[in-house]
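S.K.: Input: one structure, supplied below.
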Amino acid sequence: MIRAYLKDSLHWLHLFCFKLHTFKREAERLSRGQAGVVFLKVYPWLWLSGWLVLCGIGLTSEFAGYDFHWQRTFMEFAE
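Here the sequence shown is numbered in the numbering used here, starting from 8 and rising by one per residue.
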């Protein structure tokens with residue numbers, strides 16, 4: 008069950024990130040409920056990847072000796 012969820016989530020994430028025209032074409036055929044399910048499958052992965060990118064940028068700048076405003080950055084990311 009979890010494997011099928013991950014496979015479907017990564018399929019939609021791949022379409023959304025790399026094949027936007029195909030994603031739009033397939034999304035037009037979805038009902039409102041199905042579109043909500045796709046959103047709930049794609050959004051957590053995009054949120055997590057954005058969070059990891061911000062952490063990577065923050066850690067890199069801290070190691071390089073620059074000040075990184077963690078709280079301000081993540082508060083803006085949360086909005």
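Virtual Cβ for every residue (Gly too), placed ideally from N, Cα, C.
Does the beta carbon of Met82 fall short of 7 Å from some heavy atom of the ligand HEM?
M.R.: Here there are no bound small molecules, and the ligand HEM is not part of this structure.
S.K.: Pull up the distance between the alpha-carbon of Ser1 and that of Ala42, whole angstroms please.
M.R.: Within the shown structure, residues of the chain are numbered from 8 to 86, placing residue 1 beyond reach of any answer.
S.K.: Under the three-state reduction of DSSP, which class applies to Ala42: helix, strand or coil?
M.R.: helix
S.K.: Are Trp77 and Gly65 touching if we call contact CB-CB under 8 Å?
M.R.: Yes.
S.K.: Give a yes or no on whether the C-beta atoms belonging to Leu20 and Trp58 are separated by under 8 Å.
M.R.: no
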